[in-house]
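>
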Amino acid sequence: MKFIETRGNDGVSPEQVSFSEAILSPMCSFGGIYIPESFPSLDTSFFQKHVNTSYKDLARDILAAFEIDIDQATIENALDLYNHFDDPSDPAPLVKVKDDLFVSELYHGPTRAFKDMALQPFGALLSSLAEQRNEKYLILAATSGDTGPAALHTFKNRKNVQVACLYPVGGTSDVQRLQMVTEDAPNLKVIGIHGDFDDAQNALKTLLSSDGFNQKLKDKNISLSAANSVNFGRIIFQIIYHIHSYLELVRLDAISMGDKVYLDVPSGNFGNALGGYYAMKMGLPVENIIIASNINNVLTHLIKEGRYDLRESSVIPTTSPAMDILKSSNVERILYDLFGANRTKELMQQLDQEKYYQLSRDELDQLQRVFSADFCSDDEGKKYIQQAFEKGYLMDPHTATCFKAYETCREKPLKTIVYSTAEWTKFSPTIANALTGEVDTHDLDALKAIAKEANIEIPAVVKELFDKKITQNTVIDKENIKQEILTFLD
Ligand SMILES: *Cc1c(COP(=O)(O)O)cnc(C)c1O
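Here my numbering is used: the first residue of the sequence shown is 96, the next is one more, and so on.
What follows is the structure in structure tokens.
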């Protein structure tokens with residue numbers, strides 16, 4: 096399988112690359128990103144076969160269908176990372192919450208958010224490739240809270256890869272911060288930045304395009320890669336669980352093979368939703384993909400009106416911070432798939448320059464054949480958390496946005512899979528407030544309150560964080576990031 100570029104080729108970059116090249120150096124012509132040249136199609140016999148296999152068997156066969164240039168032993172090592180999930184035989188369990196609403200829980204990995212589903216195996220793949228090629232890589236990550244812990248965990252002590260992770264001081268939950276600052280390994284550096292997530296992200300982008308910095312890396316023989324979902328190495332693992340969830344519905348006898356379902360996805364950078372789109376393209380029977388947002392609702396406008404408009408907007412902090420995103424990176428891959436490289440380049444350049452684009456009527460029709468969308472305010476989200484809890488289901492504020500979209504976006508009474516992207520432990524003050532009305536400034540108080548109210552235990556991996564030694568103490572102004580990272584690399 097070859098990979099090509101969303102904005103076409105500039106005549107300097109290679110016209111096509113292999114999977115391993117695409118994941119080692121994900122940047123390409125005109126600021127575009129890599130997509131597979133074509134997609135495997137999975138037929139009913141494939142799905143039928145996997146009704147009775149394990150998650151790993153399914154994953155192995157999907158990766159095989161992509162014909163990626165990774166040897167089988169490396170793939171097996173990567174898939175073995177699912178052994179560290181709560182239930183190794185079912186890393187993403189499906190839970191029935193209402194007659195036709197099922198929740199696919201994607202947060203049962205080591206850092207308690209859905210990033211583990213892809214980053215766990217991805218970390219193993221990337222570092223094996225780097226080692227096999229005898230190359231050194233630096234992963235730079237700016238995190239609002241979930242990517243950081245998951246990236247640090249997966250690359251911890253891995254060979255040939257170093258990670259520098261920037262987070263906004265005061266901008267994450269206590270649990271998220273502790274997950275980062277207690278990670279202790281010589282190849283990891285965690286840097287707190289005075290400022291918000293955008294400051295951290297912008298500082299990182301400036302660094303990436305700084306000639307001085309890139310030259311220094313070259314001198315040290317270090318290449319840059321990326322662990323966010325612009326890297327197709329993450330997306331490929333995010334196709335699998337959509338297919339798995341569908342097969343779970345078949346196993347539960349909730350649907351018959353071939354019945355269509357809705358996928359309802361809490362979306363930020365659109366990686367999760369893109370995985371669902373590709374699963375659908377490969378043959379999964381999906382009626383529509385529902386895109387749930389918070390009040391940072393650029394995606395709702397895009398899908399309802401065909402307009403991507405950043406001219407008036409700035410990020411509004413919400414109780415679902417992993418979705419506080421305005422420039423959603425993976426939309427570009429949808430544009431490519433529906434409208435081709437020329438049009439994608441045109442639209443993305445317009446977005447960069449004018450902070451705006453408008454699709455034609457015909458293009459919007461094509462988009463709406465696949466997607467529908469709605470957004471959910473924090474107050475509404477709180478209400479959905481309360482309602483679900485009264486029915487016996489505890490969920491986080493990101494998942495809650497899907498419950499609104501479930502009510503407003505479905506046109507047919509089909510079974511719906513809602514994707515739950517974080518455990519209650521990661522956003523406990525919001526949840527405690529929804530359940531008891533209390534206002535906590537510390538996660539530990541909120542965690543205890545929820546545990547008591549729901550009569551459950553705080554998971555050990557979360558509880559232990561509060562007693563762990565803090566090893567990553569660096570907190571700096573953004574002007575000093577470059578020097579801090581260069582010092583770490585020495
Ligand atoms: C990353 C994240 C999301 C957004 O996922 P995308 O793939 O970026 O759309 C939603 N919820 C949580 C909890 C996350 O960590």
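Each residue gets a CB set at the ideal place from its N, CA and C atoms; glycine is no exception. All values derive from a computational prediction rather than experimental measurement.
Among Y177, E230 and F522, which has the Cα closest to the Cα of L119?
E230
> Using the C-alpha atoms, what's the distance from F114 back to G487?
43 Å
> Beta-carbon separation of D473 and T414 under 8 Å?
yes
> Let me confirm a value: R346 is counted as buried when at least 16 other C-beta atoms fall within 10 Å, else exposed. Which label applies?
Under this definition R346 is an exposed residue.
> With a threshold of 7 Å (Cβ to nearest heavy atom), would G363 be considered close to ligand 1?
yes
> Mind checking who C471 pairs with in its DSSP beta bridge?
Per DSSP, none; premise fails for C471.
> By Cβ distance below 6 Å, which residues in the same chain neighbour E382 in space, the five residues on each side in sequence not counted?
K355, Y357 and L509
> Report buried or exposed for S455, applying the criterion of at least 16 other Cβ atoms within 10 angstroms of its Cβ.
exposed
> What residues are listed by DSSP as bridge partners for N309?
Residue pairing from DSSP leaves N309 without any beta-bridge partner.
> Buried or exposed: which applies to E343, given that a residue is buried once 16 or more other Cβ atoms fall within 10 Å of its Cβ?
Per the 10 Å Cβ criterion, buried.
> Per DSSP, what kind of secondary structure is F365 in: helix, strand or coil?
coil
> Over what stretch of residues does the alpha helix (DSSP H) that includes N383 continue unbroken?
Counting along the chain, N383 falls outside any alpha helix (DSSP H), though it belongs to the beta strand (DSSP E) covering V381 to S388.
> Spell out whether any CB of chain D is found under 8 Å from the CB atom of K563.
Among the chains in the structure shown there is no chain D, since it carries only a single protein chain.
> From the DSSP secondary-structure annotation, give me the bridge partner or partners of E89.
Not covered by the structure: residue 89. The range shown for the chain is 96 to 585.
> I'd like to know whether the C-beta atoms of L446 and Y403 end up nearer to each other than 8 Å.
In this structure, L446 sits near Y403, with a CB-CB distance shorter than 8 Å.
> Kindly list the residues whose CB is nearer than 6 Å to the CB of A517, restricted to its own chain and excluding five residues on each side of it in sequence; keep chain order.
Y202, A208, D491 and H493
> According to DSSP, is Y284 helix, strand or coil?
It is Lys, not Tyr, that sits at residue 284 in the sequence shown. The DSSP-derived three-state label of K284 is strand.
> Between E525 and ligand 1, is there a pair consisting of the residue's CB and a ligand heavy atom that are separated by less than 7 Å?
The identity of residue 525 in the sequence shown is Thr, whereas the question assumes Glu. Answer for T525: no, Cβ out of range of ligand 1.
> Starting from P263, trace the beta strand (DSSP E) in both directions and tell me its first and last residue.
Residue range V256 to P263 is occupied by the beta strand (DSSP E) that includes P263.
> Write down every uninterrupted run of the beta strand (DSSP E) in the region 404–444 whose length is 3 residues or greater and which is fully enclosed by it, in chain order.
none
> Tell me the residue span of the alpha helix (DSSP H) that contains Q453.
Segment Y451 to Q453 is the beta strand (DSSP E) holding Q453; no alpha helix (DSSP H) there.
> Compare the beta carbon distance of D269 and T566 with 8 Å and say whether it is the shorter of the two.
no
> Can we count H203 as close to ligand 1, meaning its CB is less than 7 Å from some heavy atom?
No, ligand 1 has no heavy atom inside 7 Å of this Cβ.
> Our contact map puts N389 next to S324 with C-beta atoms below 8 Å; I'd like the distance itself, whole angstroms only.
N389 to S324, Cβ: 18 Å. No contact.
> Which first and last residues belong to the beta strand (DSSP E) in which L233 is found?
That run of the beta strand (DSSP E) goes K231 to A237.
> Output the distance between the C-alpha atoms of A168 and S223, rounded to the nearest integer angstrom.
10 Å
> Check whether the region 170–181 and the region 209–216 touch, using three or more Cβ-Cβ pairs below 8 Å as the test.
yes
> Go through its chain and collect everything with a Cβ distance to D105's Cβ below 7 Å, but skip five positions before and after it.
Once the five neighbours on either side are set aside, the close Cβ partners of D105 are S124 and F125.
> Indicate whether the contact test is met: 3 or more Cβ pairs, each with one atom in the region 519–526 and one in the region 144–154, closer than 8 Å.
no
> For A517, list the residues DSSP reports as bridge partners.
DSSP, once it has assigned bridges, lists A208 as partnering A517.
> Hey, is T206 close to ligand 1, as in C-beta under 7 Å from one of its heavy atoms?
T206: no, Cβ never under 7 Å from ligand 1.
> Across which residues does DSSP place L196 in a beta bridge pair?
Looking at the DSSP assignment, L196 forms a beta bridge with K193 and T511.
> Beta-carbon separation of T496 and G476 under 8 Å?
yes
> Say the cut is 7 Å; is the CB of A368 nearer than that to a heavy atom of ligand 1?
yes
> For L358, write down the residues that DSSP places opposite it in a beta bridge.
I384 and I512
> Residues bridged to I317 by DSSP?
K231
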